[in-house]
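Just so it is clear: in the sequence shown, position 330 is 731 by my numbering, and no numbers are missing.
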Amino acid sequence: MSLTSKLLKGSVNYLLIVSLSAWFCIVGLPAIATGSIPHSTARQNPPIPSSSLPETDEPIPPFLSSAKGNQTSGESLEQQAKTLYEGSRFSEASQLLEQALQGYQNTKDTIGQAVVLSNLALSYQQLGMWTEANQAIAQAFTLLKQSPKETPERSVIWAQALDVQGSLQLAEGKAAQAVDSWEKATTLYTQLEKYNRATRSQINQAQALQALGLYRQARLLLENLQHTLNSQQPDAPSLTQAENLRSLGEALRGIGRLTCTSENSRPNSDCVAAREVLQESLKLAQKLQSPVAIASANLSLGNVAWEQSQVARQRNQDNPDKCQEISLTNEALDFYQKAMAAPITAIQTQAQLNILRLLVAIQKWQEAQTFYPQIPQQIANLPPGRSKIYAQVNFAVSLRKLKTRNQENKRLTPADAEEINQIMIAAAQEAERLQDVRSQALVLEEQGQLYQHTQQLSTAQNLTRQALNLSQSINASEISYQVAWQLGRILREQGKIEEAIAAYTQAYEALKSVRGDLVGTNPDIQFSFRESVKPVYRELVDLLLQSAARETVSTLEKPELFKQNLNKSTDFQQDKLKQAREVLDALQVAELQNYFQQACEDVKLELDNVVNREAEKGQKAAVIYPIILENRLEIILKLPNQETLYQYTPVKAFRNRIEETLNEFQNNLRDEYKFKAVLNSGEEVYNWLIKPFRDRLEDSEVKTLIFILDDSLRTIPMSALYDGEQFLVENYSVVLVLGLEVRDPTPLNHAQMKVLAASLTDPPKGFEQYAKLPYVNPELDEIKKAGVSVHFIRDEEFTKDKFNKTLNQENFQVVHLATHGQFGADPNDTYILTADSQIKLNQLDQMFRTLRGTKAVDLLILSACRTATGNDRAVLGIAGTAVKAGARSAIAGLWSLADEPSPTFTQTLYQNLGQPDITRAEALRQAQLALLESQNYFHPRYWAPYVLVGSWL
């Protein structure tokens, strides 16, 4: 049976999408096949960047009930308003609630007024009427305080009002206040033995903690809640409990906790993750024989499986083996098909629309072409409301992608454009009738894209500006950043560079306000960071540098500057360069947060201040910012004690050409039989990055080069660049820094330095892929010979528990780990081996957490670890390991470090480390030179992979 037949079999009318939380937004998808048809084994297509689809909202907060026995006319209006509210018809619901409020005011019913005002606050919130919403909930609390006596009814309404207040506070960005409101609501519900409502408040509280960047606390809260739900399950299984479990699973998915690993999914493990919780929900629903609960759980499990496939794609982007990714995506589609098979039309609709978008994303064009014609009439039959508008917009987006599939320039024919435009006109009319500002913004955004694809750029610009104004009016930053980004692209296409910069800057500022969610825990964004977040930063930098370069055309005519190929800037250019540097810094931080899937909570100092401060002491360093753009390589230079930034005339080459050169250089560096090739490719990269301002570095007496590297450049050890006679390490100390802020860099003191050194000769059971390391103990012996106080943990004694206990017994400035390990493209692939197992990144965080502050580690040395070959994200693992250990800096390897030369390297490193006027960057340089100048290890394969990340002092 064909794919289309499988999908069409059993299809029914498309009805209202009620469970908005279960809708999942498609991002760049690989090519796969569904589970019930022949599975795909072909090489995957490249991911498709997601357009700014209407984000499906979190479930709207539930309507409050007055809890009265007799139904009054006011309560009848409330019931009608509830129906409208749950149908996303918020403006009409508000009108009925205002009438109901008048009725309760006439009868002086304070409890009834409080309930209606709380519901009005919810409706106003959905309409973006923040002032009215806050006034309504404040008035509700005033009335409750005036209530003559404390009753269970009053307490329930008070708790519900706290729920509403928390929802409003979180939507306004007041996450800390929202946590407080939901904590109080949970306490009240628990006292009233309303445990299901207490559960919902705790789930809401976890979302607020997540918004604050307190991901660990959010995870612990959800884990404790899961254990509570488990303890209740054997006694009284119910549909409410099944739904609570599903909500908990969705919340865990929201913080990126998709599944337990094989290590922590054992029977006695305390691991709590979305897949496992949702499977419990499904099992309970099946036991209760509830079609709705079963279908809902299948839909949620499909979302989790899809996001797991994106994790696999992220990890294996350089690996031709896509089996895991294909398997997980097929599993996701199996879950969706099970949801479609249930006789619940609303859930069927969700699954069917998701699959349509999936077909388009994986470029199953024929199946999508056959499938889509049945959808317009079904959408036309949907009842009015936000869900219908979202369905229309999402359908239009899928149709636009389908119709432009064979067009390199993504242009639409007039007929195709008209077909899509009719869908959007209907959506616009519905959004305007409902006075739904959020929906109006999303509709206008997609209309703007439609006109952009038909080259009607003036109309596209006007529509997109309207969308931006509307999204900003309701403080919807998650929409504003995408709309402003779209506006910037339209203006750039029109050649309006300065206006485009202004629009991109708006996108950048809006993105900053939601970055914690987008790059920290939002699963859709985690796995589409390269397509949905990173381009905003990079394209803005591109425009800023273009604008700055305009000012240098006349300057280049000045012989003294032209000779140096270095452009001293006007004030206008300086402003552009400074902004570009700030955006680059923000991108570095965003990438690190995306890697961690959480915020970085550190007290840091501005890099410029540290550079200038140390220059006064004679430690002069320059900061170099190379960035690879689509058609060139740009470089910004910052010299010590100079405010001026220098922009070097860019290297004119396309990105793929630059990346091919860098990849060839890295491969040559790793092959000790390609010494001449190393020199050739090393000189080419040197000519790009250093040669243009070599004289400026020499004139400024710079001794240390601080690199803030971009993308593929992170895979290259800068110390191995070659000037035609010498390697860079022969003249400069080199350090990598992620961003314009660094941890307070305290110089080491050789005489007072204490080292915790651990070694592992034989890998533990289960890690036989790693070779024996016979030189790690001689390596550690060299530390003691250097006259440094050291505590050893060797071989079988190097267990996780022993290391953890020893680490916390004394104040160690340096932790030296001579053991196998890996820095992967994902935190789960970053670990250090011990005699009994491995220490993963999150476990390292827990071990070092108590050392933060006065006992913080200054330097973490990982002498036998390696990064995932050729993966620029893997380099974040080195920085990530240092951050998790609370270390000011780390020394590690860009590829597998050779074991034999490690004693020589270590001896020289510790002889210099902490000596007067010798920075840790210089100590590393001396250790590398010891190998370079030796007879056996002069090839960069042995000394170049060592990199210092973080503080260089």
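Glycine residues also receive a C-beta, built at the ideal position from the N, C-alpha and C atoms.
Problem set entry | Simplified DSSP state of Ile1025, which is helix, strand or coil | strand
Exercise. With respect to the beta strand (DSSP E) encompassing Lys585, which residues constitute its N-terminal and C-terminal limits?
Worked result: Run containing Lys585: none in the beta strand (DSSP E); it sits in the alpha helix (DSSP H), Ala576 to Gln592.
For this session: Using three-state DSSP, classify Gly488 as helix, strand or coil.
Result: coil
Problem set entry | Beta-carbon contacts of Leu1277 that lie in its chain and below 7 Å, excluding the five residues immediately before and after | Glu992, Leu993 and Tyr996
Problem set entry | Inter-residue Cα distance where the pair is Ala576 and Gly567 | Distance between the alpha carbons of Ala576 and Gly567 is about 8 Å.
Exercise. For Ala1345, which three-state DSSP category applies?
Worked result: coil
For this session: Please state whether DSSP places Lys1155 in a helix, a strand or coil.
Result: strand
Exercise. What residue from Ala901, Leu1046 and Arg1033 has the CA that sits closest to Val1024's CA?
Worked result: Of Ala901, Leu1046 and Arg1033, the residue nearest in Cα terms is Leu1046.
Exercise. Tell me the DSSP bridge mates of Ile1319?
Worked result: Per DSSP, none; premise fails for Ile1319.
For this session: With DSSP as the reference, label Leu659 as helix, strand or coil.
Result: coil
For this session: Taking only runs that begin and end inside the region 1028–1098, name each unbroken alpha helix (DSSP H) of 4 or more residues, in chain order.
Result: 1056–1071 and 1076–1090
Exercise. Which same chain residues, not among the five before or five after Leu1330, have their C-beta less than 6 Å away from its C-beta?
Worked result: none
Exercise. Short check: CB of Ala1265 to CB of Asp1300, under 8 Å?
Worked result: yes
For this session: Give the DSSP-derived three-state secondary structure of Leu1260 in the structure shown.
Result: strand
Exercise. Using a Cβ-Cβ cut-off of 7 Å (strictly less than) and excluding sequence neighbours within five positions of Val761, which residues of its own chain qualify?
Worked result: Within the same chain, Val761 has close Cβ partners Ala769, Ser799, Lys802 and Leu803.
Problem set entry | For Lys789 and Pro774, the rounded distance between their alpha carbons | 17 Å
Exercise. In terms of residues, what are the limits of the alpha helix (DSSP H) holding Arg1115?
Worked result: Neither: Arg1115 is in no alpha helix (DSSP H) and is coded neither H nor E.
Problem set entry | Which residues DSSP lists as bridging Cys1266, in chain order | Gly1222
Problem set entry | Beta-ladder partner(s) of Lys1241, from DSSP | Tyr1232
Exercise. What's the C-alpha gap between Ala908 and Gln1170?
Worked result: 46 Å
For this session: May I have the straight-line CA-CA distance separating Val1136 from Gly1351, to the nearest angstrom?
Result: 7 Å
Exercise. Whole-angstrom Cβ separation of Ile891 and Ala861, contact assumed at under 8 Å?
Worked result: 5 Å
For this session: Compute the Euclidean distance between the alpha carbons of Ala1159 and Tyr1311, then round it to the nearest angstrom.
Result: Between Ala1159 and Tyr1311, the C-alpha separation is close to 15 Å.
Problem set entry | Length of the line joining the Cα atoms of Glu819 and Thr805 | 14 Å
For this session: Please name the residue in Thr971, Gln989 and Arg893 whose C-alpha comes closest to that of Asp943.
Result: Arg893
For this session: Taking Thr730 as part of the alpha helix (DSSP H), name the residues at either end of that continuous run.
Result: It spans Cys724 to Ala742 - the alpha helix (DSSP H) in which Thr730 sits, taken as one unbroken run.
Exercise. Heavy atom of the ligand SAM less than 7 Å from the Cβ of Glu1065, yes or no?
Worked result: With respect to the ligand SAM, the structure shown offers nothing to examine, as it has no ligands at all.
Exercise. Beta carbon of Ala1291, beta carbon of Leu1263: below 8 Å?
Worked result: yes
Exercise. Which one or two residues does DSSP pair with Gln1106 in a beta bridge?
Worked result: The sequence given here has Leu at residue 1106, not Gln. Leu1106 is bridged to Ala1023 and Val1135.
For this session: Mark Asn870 as exposed unless 16 or more other C-beta atoms lie within 10 angstroms of its C-beta, in which case mark it buried.
Result: exposed
Exercise. Hey, Arg982 and Ile1037: beta-carbon distance below 8 Å or not?
Worked result: yes
Exercise. For Val673, does the three-state DSSP call read helix, strand or coil?
Worked result: coil
For this session: Apply the 10 Å Cβ neighbour rule to His628 and answer buried if 16 or more other Cβ atoms are within range, or exposed otherwise.
Result: exposed
Problem set entry | Within-8 Å CB hit, Phe1094 to chain B | The chain labelled as chain B is not found in the depicted structure, where only one protein chain is given.
For this session: Please look up how many angstroms separate the CB atoms of Gln1013 and Asn1042, rounded, as I've assumed it's under 8 Å.
Result: Note on identity: in this sequence residue 1013 is Asn, with Gln being the wrong assignment. Between Asn1042 and Asn1013 the Cβ distance is about 5 Å, and since that is below 8 Å, they are a contact.
For this session: Confirm, please, whether the CB-CB distance from Ser697 to Ile748 is below 8 Å.
Result: yes
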